[in-house]
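Visitor: In our numbering, the protein residues as written are 36 to 281.
We treat Cβ as the ideally placed atom computed from N, Cα and C, and that holds for glycine.
All values reported here derive from a predicted model rather than from experimental measurement.
Have a look at this one before I ask anything.
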Amino acid sequence: MLIGVVAVGGGALFPGSRDVLLALGGSALVAGMLTYYLTPEEFVTATVGETLATTLQATYDGLRADLNLQGKPVYVPVTSESAADARLFLPQHHDYTIPDEDALQRTIVVPAEPSQRGLAVHPSGAKLLAAFRRASEFATQPEPNPERVFDQLADGLVEQFELADQITPTVEADTRCVIAVTGSTYGAPDTFDHLLTSFVAVGAAIAFNTPTRITVQRVDDHDFVFECAWNTQDTDASDTQTSTTE
Numbered sequence: 036m037l038i039g040v041v042a043v044g045g046g047a048l049f050p051g052s053r054d055v056l057l058a059l060g061g062s063a064l065v066a067g068m069l070t071y072y073l074t075p076e077e078f079v080t081a082t083v084g085e086t087l088a089t090t091l092q093a094t095y096d097g098l099r100a101d102l103n104l105q106g107k108p109v110y111v112p113v114t115s116e117s118a119a120d121a122r123l124f125l126p127q128h129h130d131y132t133i134p135d136e137d138a139l140q141r142t143i144v145v146p147a148e149p150s151q152r153g154l155a156v157h158p159s160g161a162k163l164l165a166a167f168r169r170a171s172e173f174a175t176q177p178e179p180n181p182e183r184v185f186d187q188l189a190d191g192l193v194e195q196f197e198l199a200d201q202i203t204p205t206v207e208a209d210t211r212c213v214i215a216v217t218g219s220t221y222g223a224p225d226t227f228d229h230l231l232t233s234f235v236a237v238g239a240a241i242a243f244n245t246p247t248r249i250t251v252q253r254v255d256d257h258d259f260v261f262e263c264a265w266n267t268q269d270t271d272a273s274d275t276q277t278s279t280t281e
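Have a look at this one:
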């Protein structure tokens, strides 16, 4: 629902894109209200869930295009109401630095340093991860083991939330994990902040207390492979990827 408010508010802040932002805001507010009232105890069909996810992703794409947000999205850990949380930062520029935590508490981030400007929104996977953390001992160690962190996140998506038939994480380096997803309930990530990839990115950002970034490597209908990289402090256009980056 927040992204709808951002889009509607952005209509006033960016007059040149007002009509598009208001339309995007309306659709996002509807999706947000549906998500809010569909509690975890209620049965939600895969079709409804995938439709909501597609609407949210289309809204993000529209905002990025019309506000000319050029930088690669990055998930940044923050402290919200005395609890670990994260923000999805959408930089305005290709060459950017991540703003401080106080700046990321605002949706429209406009510090004095131009390279730190952009939008900071709540990731789609944040609330899901909060529910997962309440039901498990996720990332309770001071220096969490990457293999255990990603195994826990994969088990949460498959066993607790039943959002995929199978998820296989492979930690390939000290700062990178490749995750293979089979039978995603919400389809493949056609754009950024897909629910499954967002859940993993937020979980890793909180567990390692460092920014994370998602790169989708391969997609085949409801099966896909993506990479989660962490220790992503400052990012610029020179960090090239061969496929879709969230």
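Determine the extent of the alpha helix (DSSP H) in which E262 is found, giving its start and end residues.
Guide: Not the alpha helix (DSSP H): E262 falls in the beta strand (DSSP E), residues D258 to W265.
Visitor: Hey, Q92 and D228: beta-carbon distance below 8 Å or not?
Guide: Yes, the pair counts as a contact, with Cβ atoms nearer than the cut-off.
Visitor: According to DSSP, which residues form a beta bridge with L192?
Guide: Answer by DSSP bridge pairing: none, since L192 is not bridged.
Visitor: Measuring straight from C-alpha to C-alpha, what distance separates D200 and F124?
Guide: Near 30 Å, if we compare the C-alpha coordinates of F124 and D200.
Visitor: From the DSSP output, in three-state form, read off V184 for me.
Guide: Looking at V184 - three-state DSSP - the assignment turns out to be helix.
Visitor: Starting from P204, follow its DSSP beta bridges and name the residues at the other end.
Guide: I214, per the DSSP bridge assignment.
Visitor: According to DSSP, what are the bridge partners of D120?
Guide: D120 pairs with V113.
Visitor: With three or more C-beta pairs closer than 8 Å as the rule, is the region 175-183 touching the region 219-238?
Guide: Verdict: no, contact absent.
Visitor: DSSP has R152 in a bridge; who is on the other side?
Guide: For R152, which the question treats as bridged, DSSP gives no partner whatsoever.
Visitor: Under a three-way DSSP split, which group does Q92 fall into?
Guide: Three-state result, Q92: helix.
Visitor: Only counting the same chain, and skipping five residues up and downstream in sequence, which positions put a Cβ closer than 6 Å to that of A88?
Guide: Result list for A88: Y221 and L230, in chain order.
Visitor: Rounded to whole angstroms, what is the Cα-Cα separation between G213 and D258?
Guide: Sequence inspection shows Val at residue 213; the Gly mentioned does not correspond to that position. So the two alpha carbons sit approximately 14 Å from each other.
Visitor: State buried or exposed for Q195, treating a residue as buried only when at least 16 other CB atoms are found within 10 Å of its CB.
Guide: Classification of Q195: exposed, given that the 10 Å Cβ count is below 16.
Visitor: Under a CB-based cut-off of 8 Å, is I133 close to chain B?
Guide: Annotation note: the requested chain B is absent from the structure, which comprises a single protein chain.
Visitor: Less than 6 Å between C-beta atoms, sequence neighbours within five positions excluded: which residues of the same chain meet that for P224?
Guide: Counting only Cβ-Cβ distances below 6 Å, and skipping sequence neighbours, we find T232 and V251.
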